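In what follows, a single structure is set out as structure tokens and then discussed.
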Amino acid sequence: MLNIVSILIGLVALVIAIPALIPVVSLMNWIAFPIALVGFVVGLLSSKNTGRNLNLVILIVAGLRLFLTGGLI
Numbered sequence: 001m002l003n004i005v006s007i008l009i010g011l012v013a014l015v016i017a018i019p020a021l022i023p024v025v026s027l028m029n030w031i032a033f034p035i036a037l038v039g040f041v042v043g044l045l046s047s048k049n050t051g052r053n054l055n056l057v058i059l060i061v062a063g064l065r066l067f068l069t070g071g072l073i
């Protein structure tokens, strides 16, 4: 059950993170990153690892985008 919740949280973060790859709206990564972090923690509590891996990928992409642009652009 926690895996399904983690996947749903990851899908919400993914919907926010995809448009955030466009340079003008990249500040949305500040919203996607904490949502994916919550999904990752919920995925850690699950016995399966699908939701955890989904949120981990979103965390890496959003975190790398924030890191490369200094968190602003």
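The numbers in UniProt numbering rise by one with no breaks, and the one at position 16 of the sequence shown is 16. Built from N, CA and C at the ideal position, the CB exists for glycine as well. Owing to the predicted nature of the structure, the values given are computational and were not obtained by experimental measurement.
Nearest-angstrom Cβ-Cβ length linking residue i and residue j, presumed shorter than 8 Å
i, j, result
"Val38", "Ile9", "6 Å"
"Ile7", "Leu54", "6 Å"
"Ile31", "Ile16", "5 Å"
Local Cβ density within 10 Å of residue i, reported as buried at 16 or more and exposed below that
i, result
"Val61", "buried"
"Leu59", "buried"
"Ile35", "buried"
"Gly51", "buried"
"Leu14", "buried"
Limits of the unbroken alpha helix (DSSP H) element including residue i
i, result
"Leu11", "Leu2 to Ala17"
"Ala62", "Thr50 to Thr69"
"Ala20", "From DSSP, Ala20 is part of no alpha helix (DSSP H); its letter is neither H nor E."
"Leu37", "Asn29 to Leu45"
**Prompt:** Quick one: any contact between the stretch 43–56 and the stretch 65–72, if contact means 3 or more CB pairs under 8 Å?
**Reply:** no
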